[in-house]
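Notes follow once the structure below has been shown.
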Amino acid sequence: MSKPDLFLIGGATEVMLERLGAAFTIHKAKEMDDPVAWLATHGDKITYVATNGHDGVKPAYMAALPNLKAISCYGVGYDAIDTNAARAKGVVVTHTPNVLNAEVATTAVMLMMACYRELLRDDAWVRSGDWEAKGNAPLTRSMDGQTVGILGLGRIGQAIADKLAPFDTTIVYHSRSKKDVAYRYYDNLAEMARDVDALICITPGGPSTNKIVNREAIDSLGPQGTLINVSRGSVVDETAMIAALQEGRLGWAGLDVFEAEPKVPEALRKLPNVVLLPHVGSATVETRAAMGALTVDNLLQHLKDGTVLTPVPECADM
Ligand code: A2R
């Protein structure tokens, strides 16, 4: 019996390719000159798609996949996939929640520590010879005892709160609904930003969170405030943030995500009061292996009995 056809958007690890290859005939979009043209001829035989949170599934691909059954997304964020369009076609979408909570939380804490303790400046102080030439580096700020506002206290947000506990932080949070936790809840983001030393963004991307960290929220965080973003670049008004960092209205920013990544504005790259990472929140060998395994497991499960392990909430009842 011939294997079902899978359209692979973006990359996949060797282990993923090996497991997928045993069950599916893989067609790699990356190796096609014109994937849309290829789909126009072959799209009707594709029943499965594997993609990632960054590449998602373009509307032009979706339109050319009439017999699609499932989309498996390597990553917890799936804002690059139109889940409503998928659902309307009877296509179930899966993602990789939980297996990356600890890693993304570590990235958030690492960025916060790097901002507070001026890790990059002090590393440069040693490398440049300034230590010998100028003496001790200027003092930094302590990360202990800070009040930290978490924007989006979900799976990862809670993991961040847990990892910050040894720093004697006071955790508060903002989300659309109050959670059953002991932390103080703010129903207004700017109000929370006014009361905290650091604001950590860890909501999903998409229209409902687009630029919710706006000028008002940024100004509320203020000149002594630190903004950490490990969610999506779209969550923060990047232009407003850069202006605030340049003008001293915002103190520091630790960023793993950007509005038009991998393009990062030069004005941001020039600032001394930022720490910039190339969207590596979950990017360790261990965590990416776990995410890859779950991405493949969802597809194999669907092939076996039509169910999936970790559907996105919008497809949970399919
Ligand atoms: O708003 P709620 O009560 O649904 O809480 C969720 C919150 N959230 C929002 N908060 C404020 N304004 C919004 N428009 C909004 N939309 C969602 O974000 C919840 O507390 C949190 C998301 O938590 P989880 O669904 O458990 O997601 P997880 O696994 O923590 O990942 C979060 C995101 C991914 O979507 C990727 O973009 C990124 O982390 O890696």
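Okay, so the sequence shown: first residue is 298 according to my numbering, each after it adds one.
All residues carry an ideal CB built from backbone N, CA and C; glycine is no exception.
For residue i, is the beta carbon positioned less than 6 Å from some heavy atom of the ligand A2R?
i              : result
valine 373     : yes
isoleucine 453 : yes
arginine 473   : yes
glycine 449    : yes
proline 501    : yes
serine 299     : no
serine 517     : no
serine 528     : yes
serine 425     : no
threonine 380  : no
serine 531     : no
threonine 592  : no
serine 505     : yes
proline 394    : yes
Spatial neighbours of residue i within its chain, please: C-beta separation below 8 Å, excluding the five flanking residues on both sides.
i                 : result
aspartate 494     : Gln443, Thr444, Val445, Gln521, Gly522, Thr523
phenylalanine 464 : Met440, Asp441, Gly442, Gln443
So is residue i buried or exposed if we call it buried at 16+ other beta carbons inside 10 Å?
i              : result
serine 299     : exposed
proline 610    : exposed
serine 517     : buried
arginine 566   : exposed
arginine 316   : buried
proline 332    : buried
threonine 322  : exposed
proline 569    : exposed
alanine 405    : buried
tryptophan 549 : buried
leucine 496    : buried
glycine 454    : buried
alanine 564    : exposed
arginine 585   : buried
alanine 347    : buried
Let me make sure I understand the geometry here. Which of the options has the alpha-carbon closest to that of residue i?
i              : options                        : result
leucine 547    : Ala490, His599, Thr592         : Ala490
leucine 365    : Ala383, Gly578, Leu417, Ile457 : Ala383
alanine 411    : Leu552, Thr380, Leu305         : Leu552
serine 474     : Thr466, Phe464, Asn485         : Asn485
aspartate 302  : Gly308, Val312, Ala319         : Ala319
valine 373     : Thr344, Asp419, Ser579, Met615 : Ser579
valine 354     : Lys386, His339, Ala377, Lys476 : Ala377
tyrosine 371   : Ala361, Leu397, Ala541         : Leu397
asparagine 349 : Pro394, Lys460, Ala337, Ala385 : Pro394
alanine 479    : Met359, Val469, Ala309         : Val469
alanine 402    : Leu436, Glu429, Ala462         : Ala462
isoleucine 306 : Thr380, Val577, Tyr345         : Tyr345
Take residue i and list the residues in its own chain whose beta-carbon comes closer than 7 Å to its own, dropping the five residues that flank it on each side.
i              : result
glutamine 598  : Thr604, Val605, Leu606
threonine 500  : Leu448, Gly449, Thr506, Ser528, Val532
alanine 399    : Ala456
methionine 329 : Trp335
arginine 452   : Pro394, Asn395, Asn398
Quick one: residues in its chain with C-beta nearer than 6 Å to the C-beta of residue i, no 5 flanking neighbours on either side, listed in chain order?
i             : result
leucine 408   : Ile525, Gly551, Val572
threonine 391 : Ser369, Asn595, Val605, Thr607, Pro608
arginine 512  : Ala537
alanine 434   : Asp419, Trp422
alanine 357   : Val333
threonine 466 : Gln443, Val445
Counting only C-beta atoms, is residue i closer than 7 Å to chain B at any point?
i           : result
glycine 551 : The displayed structure is made up of one protein chain only, and chain B is not part of it.
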